[in-house]
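Student: Residues 0 to 137 (numbering that gives the first Met the number 0) are what the sequence shown spells out, left to right. Backbone N, C-alpha and C define an ideal beta-carbon position, used for all residues, glycine too. Source: prediction; values computed, not measured.
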Amino acid sequence: MINQDYPDFEVIVVNDRSSDHTGVILKELKIKYPQLKVVNITDLPPKWIGKNHAIYQGVKQAKGEWLLFTDADIMFSPESLKKTISYSLENKLDHLTISPDSIHKGVFYGGLISFFFYVITFLFITSKSAGFGAFNWC
């Protein structure tokens with residue numbers, strides 16, 4: 000995400016109580032990419048759900064006009080932001096969600112993921128108010 004072909008954008012990564020090597024990796028990335036903002040969460044306040052709290056903490060740090068909520072395991076092409084903003088402006092969108100291509104091993108797992116995307120897409124279309132965790136643009 001940090002290598003987008005787009006001027007003046009910020010990348011905020013929220014490390015939400017990770018117990019693996021995420022903190023170390025983010026420190027190394029921060030050295031390589033000083034423009035990266037890292038928010039570390041150590042405790043979950045009462046009455047909060049983890050992801051909602053993480054998103055809220057990231058939004059508090061954001062200064063941009065547009066926000067893209069995504070997961071750490073999503074890979075983006077360098078022109079993703081440029082295309083997304085262009086499409087959103089041309090179509091006067093306030094919110095855009097995109098389902099990612101899924102790379103998986105095995106027929107059973109692939110079928111399960113495909114079914115999941117189908118069901119979720121159907122629910123999103125009927126509710127008109129939700130998005131994928133992989134790509135939520137608003």
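1) In this structure, how does DSSP classify T83 when only helix, strand and coil are distinguished?
2) Less than 8 Å separating the beta-carbons of L35 and V12?
3) So, does the segment 2–21 touch the segment 38–47, judging by three or more C-beta pairs under 8 Å?
4) Please say whether P99 and F68 have beta carbons closer to each other than 8 Å?
5) DSSP three-state label for F68, please.
6) Based on DSSP bridge pairs, tell me the residues matched to N39.
7) Comparing C-alpha positions only, which one of L80, K46, W65, G22 sits nearest to I1?
8) Closest by CA to I97, which one among K82, K29, K104, A53?
9) Indicate whether at least one CB of chain B lies closer than 8 Å to the CB of F114.
Tutor: In brief:
1) helix
2) yes
3) yes
4) no
5) strand
6) N14
7) L80
8) K82
9) The chain labelled as chain B is not found in the depicted structure, where only one protein chain is given.
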